[in-house]
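Have a look at the structure below before the remarks.
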Amino acid sequence: MTDVFQLLVAGLSIGSIYAMAAIGFVLLWQTSNTINFAQGEFVVLPAFVMVLFLTVFRFPFAAAFVATVIVSTLLLGLLVKKVLVERLLKMGVLPLVIATIGLSMLIRYSLQQFWTPLALPFPAIFSRQPIRVGGVIFSSEEVMNVLSAAIVIGTLQLLIRRTKLGWAMQAVAQNRDLASVLGINVSRLVGVTFMLNAALTAVAAVLIAPVYLVKYDIGIGIGLKAFYAAIIGGFNQIRGALLGGLLVGLVETYSAAYISNQFRDAFALVILIGVLLLKPEGLLGIKEEWA
Amino acid sequence: MSLLEIRQLSKNFFHLSALSLVSLSVEPGELLGLIGPNGSGKTTLFNCVTGVLRPSRGHVLFKGEDITKLTADGVYHRGISRTFQLIQLFPEMTVLENLLMAAQERKGTLFSRLLRRDETEEMDRALNLVEYLGLSGVKDNLAANLSYGQQKLLDFGMALMPDPQVILLDEPMAGVNPTMIKALVTHIQDLNAQGYTFVVIEHNMEVVMSLCRRIVVLSQGEKIAEGTPAEIHDNPAVMDAYFGT
Amino acid sequence: MRGWRTLGILVGAVVLLLFPLVLEQYKLYLASLTLVYLILAIGLNLTLGYAGQISLAHAGFMSFGAYAVAILVPLGVPFEGGLVVGVVIAFLWGLVLGFPALKVKHHYLAMVTLGFNIIVFLVLRNWESLTGGSFGISGIARPRWGPVRFQSDRAYYYYILGWTVLVVASAHWILHSRWGRAFRSIRENEMRAEVVGVSLRNYKLMAFAIGSAYAGVGGALFAPLLTYIDPGAFTLDRSIQFLMMVVMGGLGRFEGPFLGAVVVTLLPELLRASEGFYLIIFSLAVILMMLFMPKGLVEIWDWMVRKMTRRRHGPAHPPAPPEPAAVLEPK
């Protein structure tokens with residue numbers, strides 16, 4: 179029985195990281211109809227940047243973290259928006275999809291070629307000391323991951339619910355034309371969303387790096403999980419992406435432990451396909467339509 | 002029985018109500034005008050009737066059949082066609098192709114459309130329409146390369162192509178020069194005399210008042226008046242909606 | 011114009027027929043592979059280019075054809091029988107997969123197909139009794155018609171060429187029917203298409219399933235070409251490669267897959283010297299192309315065709331009126 183609880187925390191820990199990537203993904207879709215196929219690499223690149231700041235420049239941890247978030251926001255947020263999105267957004271969904279596929283390959287193989295094809299170790303952020311509650315032993319790293327993710331996601335929710343920026347984002351997500359009529363600068367909002375997403379993925383990067391090690395190709399898996407999470411939960415709901423992320427993390431952890439490690443990816447897929455068959459707009463999703 | 006009946010139709014966007022509890026009916030052979038200030042919900046009403054948008058509440062009945070839940074192609078198959086305020090064409094197709102496209106789905110099955118290559122009947126109709134609308138000179142031009150007025154006419158032609166029972170016209174005269182407006186008015190009256198039923202959204206009051214025998218007025222998503230042109234003209238609520246605070 | 015096109019097709023046909031006489035073994039293999047990829051790209055162009063349905067499972071559908079042939083031929087089924095089985099499976103899975111995804115917007119289809127490709131890969135790898143697991147199936151025989159065998163590389167090239175002609179002709183036939191026009195209408199203005207009675211569901215399903223069936227044809231021809239297949243040949247990466255082919259060639263243009271298949275198959279060979287940089291150069295090329303040539307390589311093609319015809323006949327089309335088009339993009 180203790181396993182069940184340990185795995186619960188482990189699943190929530192990895193799930194909350196997926197959820198962060200998924201939320202960023204959903205935000206991009208909502209404000210700019212961008213399906214970001216490079217979302218996984220958006221997590222990997224900051225992880226490498228963090229390693230750079232920690233081991234090469236020997237920054238203290240907090241400084242390295244802040245620097246990573248800033249670099250990620252500028253590079254993957256502002257730059258990507260200015261160079262790729264601004265130009266391609268007018269041309270519909272597809273060119274941008276292809277461009278983000280190109281971008282994901284560019285980041286992945288540049289890291290492999292110019293940095294290292296090997297896995298880099300990443301220092302543990304939180305102590306690896308186990309926590310004992312009753313008879314159950316939890317990894318404190320996992321508990322802290324869940325808490326950190328909860329704080330970040332909670333802050334984001336407040337931002338979206340309570341601020342003018344969040345209100346504008348909701349309006350654009352609902353109806354782009356109406357939003358322009360209401361005086362919202364959609365282009366700038368898209369830029370802000372890209373920067374928010376990049377900050378989110380940077381946080382996810384720092385949390386996931388000690389778990390997975392830092393390797394150029396781990397983005398493929400992370401990106402996939404973020405997709406699954408977004409679809410399972412609902413593409414147009416932040417709460418949905420959160421639920422989806424946690425669900426994917428839990429299913430993956432439990433199925434790897436109890437059923438088969440080989441098929442661990444398959445079970446999340448089974449849920450995905452079930453959701454698409456029965457409730458294609460996602461568990462918490464709302465049907466989209468022309469307006 | 003009314004040809005088209007709209008019952009208590011409502012549509013909400015983002016906490017805003019675009020239409021609330023609108024009811025109206027269209028009789029066979031009628032030429033009904035639909036007017037109202039900008040943003041009063043006229044186009045939204047068309048979108049809800051034609052299946053482009055799904056109404057939040059209420060029903061649309063066509064010849065007694067509830068068509069509220071049909072998708073746009075289903076509505077089209079029943080015999081309701083429309084034009085668009087912001088012209089919607091197939092820009093990379095020629096004028097003739099646009100017209101043929103508007104007719105090809107009306108008859109036959111999915112597979113007969115793959116196997117049956119003969120298109121003379123539709124082509125005859127398209128050529129007649131092109132002639133009728135004065136687009137003969139540009140019939141092989143891409144729709145994207147037409148002037149605004151020509152695009153408007155093509156949009157109108159596409160609505161006629163399937164031989165529909167009701168045609169919804171969304172501001173057919175907007176941005177069109179006076180000569181063409183005259184031509185369009187003649188066309189509509191002509192076709193109405195032949196038995197086509199029309200619902201027309203139009204801002205040009207002069208045109209609406211002379212064209213329609215019955216007018217419905219929307220304001221802020223609600224129906225505020227209905228009657229003959231004279232009744233509408235003298236209705237204080239209508240004046241209020243247009244010029245009031 | 012027409013005369014030029016006939017001439018072009020004739021020259022192309024002669025060149026393709028002469029290839030085996032002049033090319034050495036490896037280059038002949040590349041030519042055969044390019045033809046197989048062309049078949050796959052034509053299928054995906056139908057799905058994505060004409061009907062706007064993104065599919066990331068093309069390699070998965072391809073595997074149905076490849077494994078059907080690899081499994082059935084040793085049991086005594088003629089190659090063409092195996093091919094038909096593979097194509098039917100691909101077509102039916104195309105329908106199954108398309109159906110739920112088409113109820114909602116296109117990004118879901120991208121996700122479903124992406125997931126489907128991964129599932130297919132996992133099944134191929136783990137269903138060892140049928141697929142040989144990660145070792146795959148080797149010694150796949152090439153087709154034979156009684157005494158006529160297509161065993162040599164040269165003979166098999168001609169066999170593939172025959173199928174390619176069939177695929178090109180059938181795609182042409184479909185695209186020049188009312189279906190082709192309906193596909194174009196969906197791509198150009200989905201909302202308007204629905205408002206002229208186009209059943210988005212029916213046409214998108216058909217475009218998706220037919221495109222998948224073509225992938226089955228390509229897969230069936232692919233297996234005996236290599237004489238060996240394993241799950242690694244049908245990964246998501248391969249699907250993305252097909253996607254690139256179609257987009258780089260030119261979406262929704264008949265010439266597109268020809269250009270895309272040639273470039274994506276042969277570019278790696280040309281960039282071989284750069285080794286690991288190939289993928290970096292390739293991904294940069296993709297991004298730059300989307301930015302500056304979003305319609306694909308057909309833009310260059312069109313430019314060349316215009317130049318050629320203009321020199322002979324003066325302007326091919328009357329110049330467009332200066333007034334900007336007022337047609338709005340569909341939302």
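Residue numbers (our numbering), protein chains in the order written: chain A, 179 to 469; chain B, 2 to 246; chain C, 11 to 341. Backbone N, C-alpha and C define an ideal beta-carbon position, used for all residues, glycine too.
Spatial neighbours of residue 61 of chain C in its own chain (CB-CB distance under 6 Å, excluding positions within 5 residues in sequence) are listed in chain order as 193, 196, 214 and 217. Its chain contains 22, 24 and 59 as the residues whose beta carbon lies nearer than 6 Å to that of residue 9 of chain B, once the 5 sequence neighbours on both sides are disregarded; these appear in chain order. By alpha-carbon distance to residue 278 of chain A, the top candidate from A:186, A:265, A:259 and A:215 is A:215. For residue 375 of chain A, the number of other beta carbons within 10 angstroms of its own is at least 16, and it is reported as buried.
Residue-level contact by beta carbon holds for residue 106 of chain B and chain C, with a gap shorter than 8 Å. The segment 232-252 of chain C makes no contact with the segment 20-31 of chain C, as fewer than three CB pairs between them are under 8 Å.
For residue 217 of chain B, the uninterrupted beta strand (DSSP E) segment begins and ends at 215-220.
Against residue 287 of chain C, the close residues of chain A are 287 and 291, in the order they occur along the chain (beta-carbon pairs closer than 9 Å).
Here residue 314 of chain C is exposed: its Cβ has fewer than 16 other Cβ atoms, across all protein chains shown, within 10 Å. Relative to residue 172 of chain B, the option among B:3, B:164 and B:39 whose CA is nearest is B:39. Under the three-state reduction of DSSP, residue 171 of chain B is assigned to strand. Taking 8 Å as the threshold, the shortest C-beta distance from residue 51 of chain B to chain C falls below it. Interface criterion met: the Cβ of residue 125 of chain C is under 8 Å from a Cβ in chain A. Membership of residue 202 of chain B in the beta strand (DSSP E) is indicated by the continuous run 198-202. Apart from sequence neighbours up to five positions away, the residues of its chain that approach residue 271 of chain A with a beta-carbon distance below 7 Å are 211 and 213, ordered along the chain. Nothing from the segment 214-241 of chain B brings a Cβ to less than 8 Å from some Cβ of chain C. For residue 243 of chain A, the secondary structure class from DSSP, reduced to helix, strand or coil, is helix. Taking 9 Å as the cut-off between beta carbons, the residues of the segment 77-96 of chain B near chain C are 77, 78, 82, 83, 85, 87, 88, 89, 90, 91, 92, 93 and 94, in sequence order. For residue 229 of chain B, the number of other beta carbons within 10 angstroms of its own is below 16, and it is reported as exposed. Burial of residue 68 of chain C is indicated by the presence of at least 16 other C-beta atoms within 10 angstroms of its C-beta. Interface flag for residue 241 of chain C against chain A is unset, since no Cβ pair is found closer than 8 Å. The three-state secondary structure of residue 12 of chain B, taken from DSSP, is strand.
At a cut-off of 8 Å between beta carbons, residue 276 of chain A contacts chain C. For the 8 Å CB-CB criterion, residue 384 of chain A and residue 294 of chain A do not form a contact. Looking at the backbone, the Cα of residue 196 of chain A and that of residue 403 of chain A are separated by about 6 Å. Bridge pairing for residue 67 of chain B: B:62 [DSSP]. Between residue 383 of chain A and chain C, the shortest Cβ-Cβ separation is not below 8 Å. In its chain, beyond the 5 residues on either side, 330 have a beta carbon closer than 6 Å to the beta carbon of residue 381 of chain A. For the set A:454, A:316 and A:367, the Cα lying nearest the Cα of residue 209 of chain A is the one of A:367.
By a beta-carbon distance limit of 8 Å, residue 150 of chain C contacts residue 233 of chain C. Their separation comes to about 5 Å. Counting only residues of its own chain and dropping the five nearest sequence neighbours on each side, residue 299 of chain C has a CB closer than 7 Å to the CB of 258. With 16 or more neighbouring CB atoms inside 10 Å of its own CB, residue 267 of chain C falls in the buried class. Annotation: residue 147 of chain C to residue 47 of chain C spans about 21 Å, alpha carbon to alpha carbon. Between the C-alpha atoms of residue 379 of chain A and residue 258 of chain A there is a straight-line separation of about 14 Å. Pairing residue 460 of chain A with residue 410 of chain A gives a Cβ-Cβ distance under 8 Å. For the pair of segments examined, the segment 30-45 of chain C was found not to touch the segment 236-244 of chain A: the number of CB pairs separated by less than 8 Å stays below three.
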